[in-house]
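Protein chains in written order, with this note's numbering: chain L, 1 to 334; chain H, 1 to 396.
Beta carbons are placed, not taken as given, at the ideal position from N, Cα and C, and that holds for glycine.
Below, the structure written as structure tokens:
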């Protein structure tokens, strides 16, 4: 009996130890997850909210988006109060652009085809006249829809981020910088990948948000995307997408798995893919037949040094020779 | 199927293209160092010039992706147009098969260079510039077409009326390199460039674009017929040597090298490709066979044979009229069992083929012939009526 008691006591002690270890692991995991997101603003209110003298303290102008996410020096992550702020627009050549690219390439005279012509960064595209190429109203879940009488904005019904059922770009994203943003399951704007959710009635974009916005990305350390990013792009560029799930393709497909016979197996940060599931961490392996091609496999979201916001110089990609970059990352047989 | 493939491979074992071309001609003896140097330079120049002049065409596309493709059929907010054609087109091409190979039907360019790629034009207006397969200009809708003068291919001509809405001589379920040909030719299926209802590409694939998928990007330096990309002119399973300019300005010693096989033991001859659709016209047992066409050596032909060597003519080659066809003629070319594309001599082993009389796409003459068949025999010359190129004694 005493032996049994002693065994039980030891068991309880061991279980307590295990519980403590488990608790520490869980706490650490939660901390790591929260730390990874880094989108919840921390620090003094005034750092952001009194940038504009004369403007009521909590009525923020649209240009605050750009003011806050810009930088006069080449750094693409800046410290603002106690928050790390991803820089999308450097007024000088960025040291390392982030995953979305950098509006520097659009705004600094390199041509209007280098990026999304967002108000506050660049004038409207003279060819598109505020019409998103391939825009199909029925593909846009926004009740307001995109208006070609207004300019493209960062957010709102004429933008990408925030609630696209709200026209005002600031109101469309109100509260998201202070909201719980984990897990990135698309249930709220804040809990959608990079605040991309379209509207309250559709699921937001999901994925894994790399803590430095891909500033120092490697095949082992990078954003992870799901094909929900394609559906998001389709909101404004629906005409570029078709229902076919097999070739011959009439437009470059997205949301289809990489052909099994191809040899793209090691992640190349210059041609990201979408994962079918599991967005908890970056993976360096590409699995043909499982992982899929996405809009962002070729394009950047904001602006890039290249025409059509491509990740590479399309003019420099040639077939039948020794190159392995650009299109040839996936199209290894070409 | 394995047997078929092994036959294909067997026929290519001895292929050794251009080896003889790389051997420079003998030079006169030289005694001085300068002479030796001059001789070496001259040898190199001659060798190089011979090499380049004999280099076969390379169908593998080179250059910028954008030269041929458009990713979203969009440019600066508008749909792409290519010539007068509006897309989108399959395989992300700017203009589809005809858009690329018939870029300017009214133009004078029979070969268009786009970036690093030279593209043979199947329809154009260049005087005396028709390529080996002819010119669809003679049958193309909008160009005073005469449908007797060419294949009525979708996108170029309307479908012909019955019975010409089906290939003349068609037989169901014949053996093709990929397996078995179609069981019947539905009336609504117009001839296409490629696929089951076309000539090029995988004929087991109904979709014409899927049928040639990847072929333009295949390393085709050796045309062994094991894939579409490695087949002569993307004619699946067919071997041969491709003249680098598609026979534009070809000469008797620089021309397409057509594969023939008088033994009818292989599927890789150019005439077999024709026979896949026009089976009753080919003596191969897989196709019409002797019942339809007749026997070599000892019978009167029921139909003009193809894949038959001059050596097998009734009564023997020696002393026959064919013995007088000795210099390769671009008017009535012949095939070879092991073609090089440089053969100048025609002899007993040279092989009559479908393309001895016809071209593949369209010509200015009825029945896609290479010459005017109705010419007065008394006025025949080898340049005006190709029959007498082979049938040398029938001109008087």
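Option nearest residue i by Cα separation, candidates the options
i	options	result
residue 337 of chain L	L/103, L/329, L/106	It is not possible to answer for residue 337 of chain L, since the shown part of chain L is limited to 1 through 334.
residue 353 of chain H	H/85, H/153, H/258, H/170	H/258
residue 294 of chain L	L/310, L/164, L/126, L/304	L/310
residue 114 of chain H	L/285, L/319, L/288	L/319
residue 118 of chain L	L/164, L/66, L/145, L/82	L/66
residue 174 of chain L	L/238, L/162, L/111	L/162
residue 158 of chain H	H/143, H/171, H/247, H/169	H/143
residue 227 of chain L	L/151, L/292, L/141, L/193	L/292
residue 205 of chain H	H/67, H/256, H/195, H/372	H/195
residue 68 of chain L	L/75, L/100, L/48	L/48
residue 253 of chain L	L/284, L/216, L/298, L/305	L/298
residue 338 of chain H	H/247, H/331, H/309, H/359	H/309
residue 131 of chain L	L/218, L/150, L/279	L/150
residue 61 of chain H	H/77, H/190, H/219, H/95	H/219
residue 64 of chain L	L/76, L/120, L/40	L/120
residue 200 of chain H	H/255, H/179, H/231, H/332	H/231
residue 189 of chain H	H/210, H/179, H/164	H/164
Chain L within 8 Å of residue i, Cβ atoms only
i	result
residue 71 of chain H	yes
residue 88 of chain H	yes
residue 314 of chain H	no
residue 59 of chain H	no
residue 263 of chain H	no
residue 189 of chain H	no
residue 26 of chain H	Low local confidence applies: a pLDDT of 37 at residue 26 of chain H is under 50, so the model's placement there is unreliable, and no value is given.
residue 55 of chain H	Low confidence applies to residue 55 of chain H: its pLDDT is 48, below 50, so where it sits in the model is not reliable, and the reading given next is rough at best. No, residue 55 of chain H lies away from the interface with chain L (no Cβ there is under 8 Å from its Cβ).
residue 100 of chain H	no
residue 135 of chain H	no
Short CB-CB distance (under 8 Å) between residue i and chain H
i	result
residue 225 of chain L	no
residue 222 of chain L	no
residue 329 of chain L	no
residue 131 of chain L	yes
residue 244 of chain L	no
residue 251 of chain L	yes
residue 248 of chain L	yes
residue 314 of chain L	yes
residue 321 of chain L	yes
residue 29 of chain L	Residue placement at residue 29 of chain L cannot be trusted, given a pLDDT of 39 that sits under 50; the coordinates are not used to answer.
residue 127 of chain L	yes
residue 318 of chain L	yes
residue 134 of chain L	yes
residue 232 of chain L	no
The alpha helix (DSSP H) enclosing residue i, as first and last residue numbers
i	result
residue 63 of chain L	63-68
residue 270 of chain H	270-277
residue 49 of chain L	46-49
residue 196 of chain L	Residue 196 of chain L -> not in any alpha helix (DSSP H); beta strand (DSSP E) instead, spanning 196-198.
residue 129 of chain H	Taken as a continuous stretch (DSSP letters only), residue 129 of chain H belongs to no alpha helix (DSSP H), as it is neither H nor E.
Where residue i sits in the DSSP three-state scheme
i	result
residue 192 of chain H	strand
residue 321 of chain H	helix
residue 97 of chain H	helix
residue 171 of chain H	coil
residue 257 of chain L	strand
residue 240 of chain H	strand
residue 215 of chain H	helix
residue 319 of chain L	strand
residue 84 of chain L	strand
residue 63 of chain H	strand
residue 79 of chain H	strand
residue 163 of chain L	strand
residue 393 of chain H	helix
Range of the contiguous beta strand (DSSP E) that encloses residue i
i	result
residue 232 of chain L	From DSSP, residue 232 of chain L is part of no beta strand (DSSP E) but of the alpha helix (DSSP H) over 228-237.
residue 198 of chain H	198-200
Cβ separation of residue i and residue j, assumed to be a contact under 8 Å, to the nearest whole Å
i	j	result
residue 99 of chain H	residue 82 of chain H	5 Å
residue 253 of chain H	residue 342 of chain H	5 Å
residue 303 of chain L	residue 114 of chain L	5 Å
residue 294 of chain H	residue 303 of chain H	7 Å
residue 121 of chain H	residue 111 of chain H	6 Å
residue 212 of chain H	residue 276 of chain H	With 8 Å as the limit, residue 212 of chain H and residue 276 of chain H do not qualify as a contact, their Cβ atoms being about 16 Å apart.
residue 222 of chain L	residue 272 of chain L	7 Å
residue 184 of chain L	residue 281 of chain L	With a Cβ gap of about 12 Å, residue 184 of chain L and residue 281 of chain L do not count as contacting.
residue 138 of chain H	residue 146 of chain H	6 Å
residue 358 of chain H	residue 370 of chain H	7 Å
Proximal residues, the stretch 158-185 of chain H versus chain A, C-beta separation under 7 Å | Absent from the structure is chain A; the protein chains it does hold are L and H.
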